[in-house]
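Just so we're aligned, residue -8 is where the sequence shown starts under this note's numbering, counting upward by one. Just so it is clear, CB atoms sit at the ideal spot from N, CA and C, and this is done for glycine as well.
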Amino acid sequence: MNRFRQNWNEKGLTLVEILATLVILGIVFIGIMTLFPQMTLFNERTEVKLDTMNVARQETSVLKTIPLELKWEKVTGMTEADNNLIAGQLETVLKNRPDLVESSLSVTTNPGALDITLNYSLDNGNRVEAHVQKPDQCSDDCTDIKKFDEVFDTFFLRKMKIEVYESATSTNPISKNYGYLKVERKPEVGP
-8 MNRFRQNWNE KGLTLVEILA TLVILGIVFI GIMTLFPQMT LFNERTEVKL DTMNVARQET
52 SVLKTIPLEL KWEKVTGMTE ADNNLIAGQL ETVLKNRPDL VESSLSVTTN PGALDITLNY
112 SLDNGNRVEA HVQKPDQCSD DCTDIKKFDE VFDTFFLRKM KIEVYESATS TNPISKNYGY
172 LKVERKPEVG P
């Protein structure tokens, strides 16, 4: 009788036992995850933050590539007319962007401070606010026109801060980025 008896190897797990264990662990994991909904909220916030950081970098890159130039021969510093000319050049280029909501474009200058504020909305719903500061003037030892011309021979830089908001009504920026606008100095050719 013993010769028909088969030896069963019961040292391992069967496929059915492994699948049942995976199903039970999956149910337990899903049950635990519903207890922590802040994880999902945190992941969504991180995704929005990363998206706006990318938008801020792209907008900085776009604004930096705008060719800005002033025709100067001899100057002692930036004037309001120069500032308005740069603001006009920025506005002209931004109006032609296809991903910009044109009705939202606002370019304002602050006459006393010689800075420029750009405010516009993108097609994806984000609002962008760019603050362009006045150019740095010569240091204390740069008092005459000759020294100014040597320091700012072919171009000067203007600091720029870009803030990206989640929507047009948001008041707190989600992402900020900083950069410089390069303004070429083209001498006037006159008689």
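Taking 6 Å as the limit between beta carbons, can you name the residues of its chain near residue i, skipping five residues before and five after?
i: residue 80; result: 59
i: residue 156; result: 118 and 164
i: residue 50; result: 119 and 153
i: residue 42; result: none
For the beta strand (DSSP E) that residue i lies in, which residues bound it at each end?
i: residue 161; result: Residue 161 -> no beta strand (DSSP E), and no H or E assigned at all.
Which same chain residues end up closer than 8 Å to residue i when comparing Cβ atoms and leaving out the 5 residues on each side of it in sequence?
i: residue 91; result: 85, 111, 112, 113 and 114
i: residue 174; result: 59, 60, 61, 77, 126, 146, 147, 148 and 149
i: residue 29; result: none
i: residue 5; result: none
i: residue 94; result: none
i: residue 21; result: none
Shortest alpha-carbon distance to residue i belongs to which of the options?
i: residue 78; options: 70, 156, 100 and 94; result: 100
i: residue 169; options: 35, 54 and 18; result: 54
i: residue 161; options: 51, 10, 30 and 120; result: 120
i: residue 177; options: 73, 108, 10 and 25; result: 73
i: residue 116; options: 108, 25 and 39; result: 39
i: residue 98; options: 87, 19 and 122; result: 122
i: residue 75; options: 45, 108 and 87; result: 108
i: residue 88; options: 70, 102, 103 and 57; result: 57
If the criterion is Cβ atoms closer than 8 Å, does the pair residue i and residue j meet it?
i: residue 47; j: residue 166; result: yes
i: residue 96; j: residue 82; result: yes
Starting from residue i, trace the alpha helix (DSSP H) both ways and give me its first and last residue.
i: residue 150; result: First-last for residue 150: 146 to 156, but that is the beta strand (DSSP E), not the alpha helix (DSSP H).
i: residue 108; result: Premise fails: residue 108 lies in the beta strand (DSSP E), 106 to 113, not in any alpha helix (DSSP H).
i: residue 57; result: Taken as a continuous stretch (DSSP letters only), residue 57 belongs to no alpha helix (DSSP H), as it is neither H nor E.
State the DSSP-derived secondary structure class of residue i, mapped to helix, strand or coil.
i: residue 90; result: coil
i: residue 176; result: strand
i: residue 117; result: coil
i: residue 3; result: coil
i: residue 125; result: coil
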